[in-house]
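This report concerns only the one structure given below.
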Amino acid sequence: MKEKRNQNKPQVIVIVGPTASGKSNLGILLARKFNGEIISADSRQVYKGMDIGTGKVPKDKNQRLYLSHDRSINTTFKNRTNKYFSEGIRHYLLDIASPKQNFTVDRYKKLGEKAIQTILNKNKIPIIVGGTGFYIDALVRNLNLPEVPPNKKLRKELEKKTVEELFAKLKKLDPTRAKTIDSHNKRRLIRALEIISAIGTPIPVLNTKYEKLNSKYSLLWLGVKWPQKKLAERIKLRLDSRLEDGMIKEVQKLIKSGAGYHRLFNFGLEYRQISLWLKITKPKLQTPKEFKKTEYYQKLLREIIKYSKRQMTWFKRNKEINWVDSSNQAIKSTQNFL
RNA sequence: GGGGGUGUGGUGGAGUAGUCAAUCACAACAGACUGUAAAUCUGUCGGCCGAACGGCCUUCGUAGGUGCAAAUCCUACCGCCCCCA
Numbered sequence: 020m021k022e023k024r025n026q027n028k029p030q031v032i033v034i035v036g037p038t039a040s041g042k043s044n045l046g047i048l049l050a051r052k053f054n055g056e057i058i059s060a061d062s063r064q065v066y067k068g069m070d071i072g073t074g075k076v077p078k079d080k081n082q083r084l085y086l087s088h089d090r091s092i093n094t095t096f097k098n099r100t101n102k103y104f105s106e107g108i109r110h111y112l113l114d115i116a117s118p119k120q121n122f123t124v125d126r127y128k129k130l131g132e133k134a135i136q137t138i139l140n141k142n143k144i145p146i147i148v149g150g151t152g153f154y155i156d157a158l159v160r161n162l163n164l165p166e167v168p169p170n171k172k173l174r175k176e177l178e179k180k181t182v183e184e185l186f187a188k189l190k191k192l193d194p195t196r197a198k199t200i201d202s203h204n205k206r207r208l209i210r211a212l213e214i215i216s217a218i219g220t221p222i223p224v225l226n227t228k229y230e231k232l233n234s235k236y237s238l239l240w241l242g243v244k245w246p247q248k249k250l251a252e253r254i255k256l257r258l259d260s261r262l263e264d265g266m267i268k269e270v271q272k273l274i275k276s277g278a279g280y281h282r283l284f285n286f287g288l289e290y291r292q293i294s295l296w297l298k299i300t301k302p303k304l305q306t307p308k309e310f311k312k313t314e315y316y317q318k319l320l321r322e323i324i325k326y327s328k329r330q331m332t333w334f335k336r337n338k339e340i341n342w343v344d345s346s347n348q349a350i351k352s353t354q355n356f357l
């Protein structure tokens, strides 16, 4: 019905929604039906070893079987291809970083663009699925990120200063940025200063208006919607089954592998609360049952729900999203789009 | 039965005569977001009016009392807690 189709722009589908909304399944469904491949847009699913806590789609097993069919040479883990399939559908940008290293939007954007191209070259439809709004917008809406990688040393130094000091400094060095920045947000202030100190001059005024970002793709935005109460229930059920599925072990493993408590704290949600709890608990008591008795569990539940709301706050301002509450609706929209 | 303590907004918990609709934390609600984004940060949070300065009303277990003035002092009652019997 809408004839605003842009023939020269490649078509890309984006599926967004809060955590536990069922995006991943919808993604696979559409990928099957419309010959697509999936690009995950999740800032935590990029990490290896963070599976249960991030709700990564299960990796197909037969793939490994296939690769290691020759039992004579012990190839159990010689999965060189690194390709991630779930239910036969190729997924990109999962398991591409170590939890010990830093991953950034910039990196995501670059890899994402590559993935989109790869999929298009196969004459398939890229389907971006995820809950990290910032990553999605960076990838799909032409965000212009300044070429300034993180500077650990500088950050450490600036970290010592107070927000007021940092803001004052920024005001002097880059008054334009100072006008729009959140003057209380230390992390942002530090990054802003990092940029100036690297570039030397104030950054050019960027397209900050959300609506003004012009995509080079023709996009179909699908949003998976739930009544809030229902979503909260789903979140609880999902958390409980995650715990049963070995969530705690996953965190223990990460700790052992050297990710560090500080790092885990920063990952948030499950990784934050469970690692905090593990730190003060006797190994003997580290079971799902024990965890569920604690305040950490209650807190975690609240945190996940809050997180889902924050996600919605982000998505709400994107007026292009078609909110659907059934896969049929999604399919219909997709048919219209293609 | 005797002695002591305590009762505050959705919760925890400050306040102990005026500057108190009442610090703070949590929860709740709303929002921001250009290289940590599941992170980080902001606002509102008794009711009514107001864009705002502000104004009015109802609150600190209940009922009385003393004060110009009470969440804060006194008395009684009710509830909870602790100690001695």
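Last residue of the first sequence: number 357 in my numbering, and the count goes up by one each step with no gaps.
Built from N, CA and C at the ideal position, the CB exists for glycine as well.
Because the structure is a prediction, the values reported are computed rather than measured.
Same chain, Cβ closer than 6 Å to residue i, neighbours up to 5 away in sequence not counted
i: E170; result: In the sequence as displayed, the identity of residue 170 is Asn instead of Glu. Only E213 meet the Cβ criterion.
i: I115; result: V65
i: H203; result: V182
i: G36; result: K42, G242, V243
i: S294; result: V270, Y280, L283
i: N54; result: K143
i: L192; result: I215
i: A217; result: V167
i: N93; result: Its pLDDT being 40, under 50, N93 is placed unreliably in this model, and the value from its coordinates should be taken loosely. Cβ neighbours of N93 beyond the five flanking positions: none.
i: T151; result: A60, D61, S62
i: K133; result: none
Endpoints, the alpha helix (DSSP H) within which residue i is located
i: S327; result: 314-335
i: Q292; result: 288-298
i: L208; result: 205-218
i: F122; result: First-last for F122: undefined, no H or E at that position.
i: E252; result: 247-263
i: E176; result: 171-178
i: R196; result: 194-199
i: P307; result: 307-311
Of the listed residues the options, nearest to residue i (C-alpha basis)
i: A101; options: Q317, D79, V343, P302; result: Just to set this straight, residue 101 is Asn in the shown sequence, not Ala. Among Q317, D79, V343, P302, the Cα nearest to that of N101 belongs to D79.
i: I209; options: K175, I34, L48, L258; result: K175
i: A60; options: G277, H110, Q348, I293; result: H110
i: L238; options: V159, Q348, Q354; result: V159
i: P194; options: K172, K179, T123, T220; result: T220
i: Y290; options: L304, L320, K248, A211; result: L320
i: I340; options: I155, S117, A187; result: I155
i: S234; options: T137, L250, E263, N161; result: N161
i: Q292; options: Y315, A278, K301; result: Y315
i: Q136; options: I58, S62, R207; result: I58
i: W245; options: L49, S346, A134; result: S346
i: F153; options: A278, Q330, R196; result: Q330
i: K325; options: K335, A251, W296; result: A251
i: I108; options: W342, A50, T123, N121; result: A50
i: Q305; options: K318, W333, I200, G265; result: G265
i: K180; options: I200, K205, N27, N163; result: K205
i: E178; options: A211, R336, Y236; result: A211
i: K249; options: K338, R336, K198, D344; result: D344
Supposed close pair residue i, residue j - CB separation, criterion 8 Å
i: D70; j: E269; result: 7 Å
i: K129; j: E56; result: Not confirmed; about 18 Å, so no contact.
i: S327; j: I254; result: 7 Å
i: I32; j: E106; result: No, I32 and E106 are not in contact; Cβ-Cβ is about 17 Å, not under 8 Å.
i: K75; j: P118; result: With 8 Å as the limit, K75 and P118 do not qualify as a contact, their Cβ atoms being about 13 Å apart.
i: I267; j: P307; result: 6 Å
i: Y103; j: L113; result: 5 Å
i: L363; j: R196; result: Look at the range of the chain in this structure, 20 to 357, and you will see that residue 363 is not part of it.
i: W296; j: T313; result: 6 Å
Own chain partners of residue i with C-beta closer than 7 Å, once the 5 adjacent residues on each side are dropped
i: L139; result: P29, P145
i: I323; result: T38, I254, L258, L288
i: P77; result: S105
i: L84; result: Because L84 sits at a pLDDT of 47, beneath the cut-off of 50, its placement in the model cannot be relied upon, and the following sentence gives the value as read from the coordinates. Hits under 7 Å: none found.
i: L173; result: E213, S216
i: T300; result: none
i: A278; result: P118, K119
i: L45; result: I34, V243, S346, A349
Beta-ladder partner(s) of residue i, from DSSP
i: R109; result: F104
i: A60; result: G149
i: G55; result: I144
i: Y66; result: A116
For residue i, the first and last residue of its enclosing beta strand (DSSP E)
i: I404; result: Limits of the chain in this structure are 20 at one end and 357 at the other, which puts residue 404 out of reach.
i: L357; result: From DSSP, L357 is part of no beta strand (DSSP E); its letter is neither H nor E.
i: G277; result: That residue, G277, is in no beta strand (DSSP E); it is neither H nor E in DSSP.
i: V243; result: 237-243
i: V343; result: 341-343
Cβ shell of residue i (< 8 Å), same chain only, five flanking positions each side left out
i: K298; result: Y280
i: F356; result: Q30, I32, L239
i: L262; result: P307, F310, K311
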